[in-house]
Structures are given as C-alpha cells and as structure tokens.
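The number in the working numbering is simply the position in the sequence shown, starting from 1, with 238 added.
One structure below.
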Amino acid sequence: MHSPIETLLQLLSDIPMNEKNRQELMKAAQEVDAAVNEAEQGLEISSKDKTIAIQILNKTIEELKDQHQYNQQVNRDLMQQEKNLAAKNQALEAQKEKLEDTLYQLQKTQGQLINSEKMASLGQLSAGIAHEINNPITFISSGVEALNQNIEEILTVAKKYDEITAENVVQKIEEIKELKETLYYDELIEETTELLKAVESGARRTAEIVKGLRIFSRLDKDVLHIADVHELLEATLIILKDQYKYHIEIKKDYQAVRQIECYPGKLNQVFMNILSNAIHAIKGKGTINITTATKLLKNQNGQITICIQDTGEGMEKEIQEHIFEPFYTTKDVGKGTGLGLSITKDIIDKHNGTIEVKSTLGSGTSFLITLPIKQSKK
239 MHSPIETLLQ LLSDIPMNEK NRQELMKAAQ EVDAAVNEAE QGLEISSKDK TIAIQILNKT
299 IEELKDQHQY NQQVNRDLMQ QEKNLAAKNQ ALEAQKEKLE DTLYQLQKTQ GQLINSEKMA
359 SLGQLSAGIA HEINNPITFI SSGVEALNQN IEEILTVAKK YDEITAENVV QKIEEIKELK
419 ETLYYDELIE ETTELLKAVE SGARRTAEIV KGLRIFSRLD KDVLHIADVH ELLEATLIIL
479 KDQYKYHIEI KKDYQAVRQI ECYPGKLNQV FMNILSNAIH AIKGKGTINI TTATKLLKNQ
539 NGQITICIQD TGEGMEKEIQ EHIFEPFYTT KDVGKGTGLG LSITKDIIDK HNGTIEVKST
599 LGSGTSFLIT LPIKQSKK
C-alpha cells in the first residue's frame with residue numbers, strides 16, 4: 239500500500255501542468271515526506287498530530303485527484319470542440335464553394351438577362367425601326383426611278399451635241415434649243431439636282447439607322463472600351479425615333495467630354511431604358527431634355543453627368559422608392575417586365591457610378607447619371 243506522500247508524488251507526475259510547477263510541487267512533497275520521516279525518527283510526534291497531518295495530506299490528494307479528473311474532462315471537451323470546429327470548417331468550405339458557384343451562375347445569368355432585355359427591346363421596336371428604314375429606302379427608290387428618266391432626257395440633249403459638225407453647227411444648235419424647250423431642260427436640271435439631294439439624304443438617313451442599330455445591338459463582354467458617350471445617346475435616339483418624332487421634341491446640350499471608359503453596349507441599354515420610360519410618360523406633346531457635363535474632382539478621377547429630363551406625368555414618392563427593384567412595374571400586365579430600371583441600376587453600379595431620380599406627380603421626371611471618365615484599376 240502506497241503512503242499518502244507516494245500517492246501524491248504519483249498524481250503529480252500524471253497531472254498535466256507546467257514542468258517547472260510540477261518540479262517545484264514534487265520537491266515540496268518530497269521535503270514534506272523527509273520532514274515527516276525525520277520527525278518520526280528524532281522527534282516525538284503525537285498520534286493526534288500525525289493523524290491530522292495524514293488527513294491533510296489525504297485531503298490534498300483527493301483535491302488533486304479531482305483536479306486531475308477535471309483536467310482530463312477539459313481535455314476531452316477541448317478535443318471534441320476541435321473535432322466539431324474541424325467539421326464546421328469543412329462544412330463552411332463546402333458552403334463557400336457552393337456560394338462561389340452560385341455567384342458565378344448569377345453573374346452569368348445577369349449578363350444573359352441584360353442582353354436578353356436589350357434584344358427584347360429591339361424586338362418590340364423592330365416595327366418602328368423597319369418603318370424608319372423603309373421611309374428613306376422608299377425615297378431613294380422613287381428618286382432613282384425619276385433620276386433614270388431625267389438622265390435619259392438629259393442624255394438625249396447631250397447626244398445632240400455629238401451630232402454637231404462644222405457644216406451643220408447652226409442647224410444642230412437650233413435643234414438642241416428646240417429640244418431643250420420641249421423637255422423643259424432648265425427645270426429638268428434643277429429637278430435632277432433636287433432628286434440627287436433627296437437620294438443622298440435618304441442614303442445618309444439609312445446609314446444613320448444602320449449605324450445606330452450596330453452600335454446599340456453589340457453584345458459586350460466584361461471588357462472595358464473607350465467610347466463616345468454622345469454617340470451612344472444619338473444611337474439610342476435613332477432607334478427610338480419612330481416612337482417620339484411626331485409629338486416629342488428632343489433638346490440636347492452636350493457639354494461633357496465625349497470619350498469615357500465604359501461597357502458601351504450596356505450603357506446603351508441604360509439610355510434605352512430611361513428614354514423609353516420618358517417617351518411613355520409623355521401622353522401628348524412634350525419635351526425631353528438631355529444634358530451632359532464634366533465634373534473635375536481634386537486629386538480624383540474626373541466624372542461626367544448625364545441628365546435626362548422629361549415633361550411627362552411624373553411619379554408619386556412611393557413609386558420612386560421602388561422603381562429600381564426587380565420586377566417592379568406600374569405598366570399593365572404584358573407591357574413591362576419590371577426589369578428595365580433594375581438592370582439600369584446594376585449597370586451603373588458596374589461602372590462605379592450613381593443614378594438618382596427626381597419626380598413630381600404631374601410635372602415630369604429627371605434621371606441624373608454620374609459616371610467616372612476612367613475606371614479605377616483594382
């Protein structure tokens with residue numbers, strides 16, 4: 239049977255603790271054991287005192303046993319917590335990978351949604367665009383037909399000049415003079431000049447429409463380009479012209495720097511959405527004002543502002559608070575997806591810009607877009 243001191247020393251060797259503290263405690267226990275042995279040999283210790291000393295040692299041993307068991311339980315709990323944390327970390331890593339994949343899919347879907355919305359807008363406008371192209375083409379077609387007839391008559395006169403010789407010069411000049419009078423030659427030349435101008439105008443108008451379609455319909459990848467912001471506005475106005483040309487006056491005041499770093503196709507979508515809403519908000523005669531300006535900031539990149547203001551019906555404050563939310567629309571069922579301004583806000587955010595709306599019911603609406611001239615490199 240072990241003595242209390244031996245038991246104490248055994249416990250001290252088993253209990254996890256700082257090595258220095260362990261050595262000091264074991265040394266103290268050994269000194270106590272030596273003192274007790276010395277007292278037993280050289281001194282008279284009463285049975286009562288010896289019993290009390292043993293009781294104290296036994297109590298200390300029990301407390302150390304309890305501490306040892308507590309420490310073992312703490313170690314077991316810590317190991318279990320470590321296992322739980324490892325499992326949670328593993329679950330978090332899996333969740334992180336899933337979220338990253340979901341984010342990628344959302345970004346991919348968002349890009350497809352923007353392009354789909356743009357193509358849907360072009361689809362809805364196709365009839366008007368076809369009409370816009372048909373007008374100058376018809377003009378050109380009819381003009382060319384009239385030009386052919388006029389040129390044939392002019393060539394008839396020209397051929398008469400080829401018949402002139404030294405012997406018949408007087409006779410032929412007289413014949414040419416009579417032919418010119420018959421063909422109303424002066425009016426014919428004037429009419430031909432006007433027809434050429436009309437054909438040129440029709441061709442120019444057709445080229446403008448085609449250019450507008452080309453600029454507007456391009457699908458951007460996530461690559462920044464230098465683009466002319468005024469050209470983008472003009473391309474959008476060309477696409478929408480059939481919707482506003484009879485009842486809305488467009489007033490433009492372009493003062494901003496023209497070239498900015500942007501995603502041109504996406505910016506076209508912004509202008510399309512805002513201008514379409516402005517056109518639909520004007521029920522009768524009205525005006526849309528488009529102004530651009532440059533803001534130079536100290537120690538920062540410059541900015542441009544684009545303000546599109548209409549004289550339409552305006553909006554209540556409650557509607558203004560929700561217009562950038564996905565699928566929110568005040569249009570009748572089937573006439574709007576509610577995605578236009580939500581996509582607009584996302585595109586402006588992608589450009590590190592801002593968009594603000596101000597509107598008063600019955601007094602029109604204005605959208606103020608602020609964009610950096612050059613995108614900061616991350």
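For every residue, glycine included, the Cβ atom is placed at its ideal position computed from N, Cα and C.
- Contact check for leucine 426 against glutamate 472 fails: the beta carbons are separated by 8 Å or more.
- In this structure, lysine 612 sits away from glutamate 432, with a CB-CB distance that is not shorter than 8 Å.
- Taking a C-beta distance under 8 Å as the contact criterion, serine 604 and glutamine 547 qualify as a contact pair.
- In this structure the stretch 518 to 525 lies against the stretch 547 to 557, because at least three pairs of beta carbons, one per stretch, are closer than 8 Å.
- Distance from lysine 398 to leucine 421 at the Cβ level is roughly 11 Å; contact not present, criterion being Cβ atoms closer than 8 Å.
- Around the Cβ of arginine 443, a 10 Å sphere holds 16 or more other Cβ atoms; the residue is buried.
- Between threonine 582 and isoleucine 488 the beta-carbon gap is near 20 Å, outside 8 Å, which marks them as no contact.
- For glycine 524, the pairing in a beta bridge is given by DSSP as Ile486.
- For serine 604, there is no enclosing alpha helix (DSSP H); the residue is found in the beta strand (DSSP E) stretching over 603 to 610.
- Here aspartate 491 has Asn527, Ile528, Thr529, Thr530 as same chain residues with Cβ atoms under 8 Å from its own Cβ, once five neighbours each way along the sequence are excluded.
- Just so you know, the alpha carbons of asparagine 539 and aspartate 466 end up roughly 18 Å apart.
- Around the beta carbon of serine 614, fewer than 16 other beta carbons sit within 10 angstroms, so the residue counts as exposed.
- In terms of Cβ geometry, leucine 462 and tyrosine 501 form a close pair [threshold 8 Å].
- At the C-beta level, alanine 436 and phenylalanine 377 come within 8 Å of one another.
- Between threonine 543 and leucine 606, the CB-CB gap stays under 8 Å.
- Boundaries of the alpha helix (DSSP H) harbouring threonine 420: 407 to 421, taken from the DSSP string.
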